[in-house]
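Contents: one structure, followed by commentary.
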Amino acid sequence: MTPPGQMLNPRPFPKDAAMNLFTDIRSLVLDALTAMQAAGALPTEGIGFDNVTVEPPRDAAHGDMATNAAMVLAKPAKMKPRDIAEALVAHLLEDDRITEAEVAGPGFVNLRLAPSVYQALVGTVLAAGPDYGKSAVGQGKTANVEYVSANPTGPLHVGHCRGAVFGDALAGLMAYAGYDVTREYWVNDGGAQVDVLARSAYERYREANGQAPKIEAGLYPGDYLIPVGEALKERFGDSLMDKPESEWLVQIREIATTMMMEEIRSDLALLGVKMDVFTSEKSYYDSGKIEKTLEELKGLGLLYNGTLPPPKGKAPDEDWEPREQLLFKSTDYGDDVDRPVQKSDGGWTYFAPDLAYHYDKVKRGFDVIIDVFGADHGGYVKRMKAIVAALADEKVVFDIKLTQLVKLFKNGEPFKMSKRAGTFITLRDVIEQVGPDVTRFVMLTRRNDAPLDFDFDKVLEQSRENPVFYVQYASARVASVMRKATEAGLDMSDAALAKADLGRLDHEAELKVIAKLAEWPRLVEIAARTHEPHRIAFYLNELAADFHGLWNRGNEVPSLRFVQEGDEATSQAKMALARAVSVVISAGLGILGVEPAQEM
RNA sequence: GCACCCAUAGCUCAGCUGGAUAGAGUGUCGCCCUCCGAAGGCGAAGGUCGUAGGUUCGAAUCCUACUGGGUGCGCCA
Numbered sequence: 023m024t025p026p027g028q029m030l031n032p033r034p035f036p037k038d039a040a041m042n043l044f045t046d047i048r049s050l051v052l053d054a055l056t057a058m059q060a061a062g063a064l065p066t067e068g069i070g071f072d073n074v075t076v077e078p079p080r081d082a083a084h085g086d087m088a089t090n091a092a093m094v095l096a097k098p099a100k101m102k103p104r105d106i107a108e109a110l111v112a113h114l115l116e117d118d119r120i121t122e123a124e125v126a127g128p129g130f131v132n133l134r135l136a137p138s139v140y141q142a143l144v145g146t147v148l149a150a151g152p153d154y155g156k157s158a159v160g161q162g163k164t165a166n167v168e169y170v171s172a173n174p175t176g177p178l179h180v181g182h183c184r185g186a187v188f189g190d191a192l193a194g195l196m197a198y199a200g201y202d203v204t205r206e207y208w209v210n211d212g213g214a215q216v217d218v219l220a221r222s223a224y225e226r227y228r229e230a231n232g233q234a235p236k237i238e239a240g241l242y243p244g245d246y247l248i249p250v251g252e253a254l255k256e257r258f259g260d261s262l263m264d265k266p267e268s269e270w271l272v273q274i275r276e277i278a279t280t281m282m283m284e285e286i287r288s289d290l291a292l293l294g295v296k297m298d299v300f301t302s303e304k305s306y307y308d309s310g311k312i313e314k315t316l317e318e319l320k321g322l323g324l325l326y327n328g329t330l331p332p333p334k335g336k337a338p339d340e341d342w343e344p345r346e347q348l349l350f351k352s353t354d355y356g357d358d359v360d361r362p363v364q365k366s367d368g369g370w371t372y373f374a375p376d377l378a379y380h381y382d383k384v385k386r387g388f389d390v391i392i393d394v395f396g397a398d399h400g401g402y403v404k405r406m407k408a409i410v411a412a413l414a415d416e417k418v419v420f421d422i423k424l425t426q427l428v429k430l431f432k433n434g435e436p437f438k439m440s441k442r443a444g445t446f447i448t449l450r451d452v453i454e455q456v457g458p459d460v461t462r463f464v465m466l467t468r469r470n471d472a473p474l475d476f477d478f479d480k481v482l483e484q485s486r487e488n489p490v491f492y493v494q495y496a497s498a499r500v501a502s503v504m505r506k507a508t509e510a511g512l513d514m515s516d517a518a519l520a521k522a523d524l525g526r527l528d529h530e531a532e533l534k535v536i537a538k539l540a541e542w543p544r545l546v547e548i549a550a551r552t553h554e555p556h557r558i559a560f561y562l563n564e565l566a567a568d569f570h571g572l573w574n575r576g577n578e579v580p581s582l583r584f585v586q587e588g589d590e591a592t593s594q595a596k597m598a599l600a601r602a603v604s605v606v607i608s609a610g611l612g613i614l615g616v617e618p619a620q621e622m
């Protein structure tokens, strides 16, 4: 038997694409096109191959892969698509890896690959392990993903949860695609809301000292500040009682925000989220960074004094009056209005630190900067993009991802959140009820910009409908069959599987699963390019479906069962495939921050 | 009033830098355990991709207008 590595045509694959079958075949197509040019069958002038793609066909009946080369090149080459396609087919058929090539439809070239190509891929997956599918697209580049960034005025709730999961999975995805990723949290500890926090905490402090707290409207009423009040009592005794705000505000604000951030960090830890950098808004105020930034912007001519038109369509009777303010020229960079940076009392608007912060991120030299906001902050996208457009050169990729709302359900019934009624669902509540793995996976079973229904009962259901379970079940089955094979006395060690005779994987049901594995590196690239980690979750569901399908075929076709009693060589080949499936599932779940299951 | 997001099978949703006869799950109907985990699988039926135009070899995908739903709109972050 030929070892798997030598079953291929000896022509080497390009190094940077050695694991992606689609780019391998694409380069094969490009080689063929180049050969056609050399032979005079295709013009050289004005012909570029950038738009040539090799993709899985929508319908498997069309083959394993399809290329649009003939259609894309027809116009610049001034040739008929079919003529190019037919010449291309002739060239491609010379390669051992291509068993069939035919022209179809308007000029597609459909390809069928030799089984040996797929069989060898199993070996590639096992050899690469968790690295199979890692991409070079982000190699040598840096990315900054800012997410959560909840105000430090209370514990995280379910809305933050989705942003946290999405942002973290996106960061994991970018890392898998080769980027050096910084996970960052912007701490809004510098504005009026932390003064409100301090006042609210002060009331709890009074409460701890035996006084009835006066939680007026506008203060934070949550019980979570009671421990803060107690901590303040421990620290200050009754020395701050009945003192004017000026004597305690700064101190209490500092202590309260620190305690809230500790709580937020521990909430995030429950979810498995660990930030690399927490950037403090307050530090921007304290260090003069805002003034410095604004000075620079003035130098660039991006700030001016002016008056904004009144907002339209709001309540007609409001106390709006024209006022001259210091404005940022964001309309020059795609925003709808220029944004004020200074309030009438001379203080900075919230926009000023945003401006300085994003300028800072740009200056730190990231190749990719991504902000993850809740959908209720959709109105800020244009102004943020204006900042980066004004301050960064065009090489910086800046993207803002919005996460839509999460609607909670319990047994199919909508679950209304209300702070007053005490049915306020925190992130901690969710994790404690369903666990971090389920929470994370479910949060990624929708596109980020689609609303998500989260049913506390359904997410724990063990059925086909529940993708968390379904994917976990697949990896559990692999683990289970591995145990069984080992108990049967078969050698299922990594070393044995690495040497397995993969040529025995010749059934179309097996090749179909391998073809799905072949899509993995390509999918990772697409997901990373579009900043859409949900694609990973959907892919895993598809891979699991193909695997379960193969598994069940074994019910009718005994030769498809993974364990072939008394035939170690065949068992090893089949188990190599099962292992390859579990390797990719583990890698995918790893990106999403979910643990694969060994048993259920 | 303006801006952004969304509209795909009865329901919940995928759909790649624009590709061929638009896919899953669920629900309905019919099958498959002496058999590696049936917590599963196979098959059938189900669509004017919100509407109307445009761009082109080709549009669910890009552009324009409209309809319907969500979010937001100076001195709050």
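Residue numbers for the first sequence follow the numbering used here, so the first one is 23 and each next one is one higher. Virtual Cβ for every residue (Gly too), placed ideally from N, Cα, C. Nothing here was measured: the structure is a model prediction, and the numbers come from that model.
Chain-order list of residues whose beta-carbon lies under 6 Å from that of residue i (same chain, five-residue window excluded)
i	result
PHE437	LEU430 and PHE431
GLY212	GLU303, LYS304 and TYR307
GLY243	Correcting the residue type first, residue 243 is Pro in the shown sequence and not Gly. Result list for PRO243: ILE237, in chain order.
GLY612	none
TYR381	THR315 and LEU413
ASP298	THR204 and ARG205
PRO489	THR467 and ASN563
ARG526	THR592 and ALA595
ALA566	TYR492, VAL493 and ALA496
ALA126	ASN132
Beta-carbon separation (whole angstroms), residue i vs residue j, contact threshold 8 Å
i	j	result
GLY615	VAL394	About 15 Å separates the two Cβ atoms, so there is no contact after all.
ILE120	LEU114	5 Å
GLY176	TYR246	6 Å
ALA408	GLY356	6 Å
ALA165	TYR207	The Cβ separation is near 15 Å, so there is no contact.
LEU262	ILE277	Wrong, their Cβ atoms sit about 11 Å apart, outside the cutoff.
Spatial neighbours of residue i in its chain, beta-carbon cut-off 8 Å, leaving aside the 5 residues before and after
i	result
GLY232	none
ASP339	Only weak support is given to the placement of ASP339: the predicted model assigns it a pLDDT of 48, under 50, and the question is left unresolved by the model.
ALA61	none
GLN364	GLN347, LEU348, TRP370, THR371 and ALA374
LEU178	VAL170, ALA172, ALA186, ILE286, ASP289, LEU290, THR448, LEU449 and ARG450
Proximity to residue i [Cα-Cα], best of the options
i	options	result
GLN161	VAL203, VAL180, ARG228 and ASP217	VAL203
SER608	ALA172, TYR169 and LEU148	LEU148
ASN55	LEU424, MET93, MET41 and GLU77	Looking at the sequence itself, residue 55 is Leu, so the reference to Asn does not match. The shortest C-alpha separation from LEU55 is found at MET93.
ALA199	GLU530, VAL390, TRP208 and MET504	VAL390
ARG468	ALA537, ALA559 and VAL419	ALA559
LYS538	ALA522, HIS556, ALA550 and TYR561	TYR561
ILE604	PRO580, MET504 and GLY400	Strictly speaking, residue 604 in this sequence is Ser, with Ile absent from that position. Selected option, being the one with the closest Cα: MET504.
PRO137	GLU122, PRO128 and GLY127	GLU122
ASN73	LYS97, ALA278, ALA57 and ALA63	LYS97
VAL384	THR45, GLU284, ALA411 and LEU64	ALA411
ASP589	GLY610, THR508, TRP542 and GLU578	THR508
Pairwise C-alpha distance: residue j and residue i
i	j	result
VAL272	VAL216	10 Å
ASP86	SER502	31 Å
HIS84	LEU545	20 Å
ALA150	MET41	9 Å
LEU110	ARG80	21 Å
GLU435	LYS480	11 Å
PHE130	PHE584	37 Å
LEU192	ALA549	9 Å
VAL139	GLY576	24 Å
GLU621	LYS423	35 Å
ASP264	ALA234	13 Å
VAL645	VAL250	One cannot answer for residue 645 here, as it falls past the ends of the chain, which runs 23 to 622.
LEU377	LYS417	19 Å
PRO332	VAL464	43 Å
Residues near residue i in its chain [Cβ-Cβ closer than 7 Å; skip 5 each side]
i	result
SER309	none
ARG486	TYR492
ASP421	ILE392 and HIS553
PHE71	LEU52 and LEU55
ASP528	PRO137
ARG345	THR329 and SER366
HIS182	VAL170, ALA172 and LEU449
ARG156	The identity of residue 156 in the sequence shown is Lys, whereas the question assumes Arg. The answer, listed in chain order, is TYR198 and GLY200.
ASP475	LYS429 and PHE431
Are there three or more Cβ pairs, one per stretch, closer than 8 Å when the segment 588-598 is compared with the segment 498-512?
Output reads yes: the segment 498-512 touches the segment 588-598.
Within the chosen definition, does the segment 566-574 reach the segment 527-541 through at least 3 CB pairs nearer than 8 Å?
In short, these stretches touch, since the Cβ pair count reaches three.
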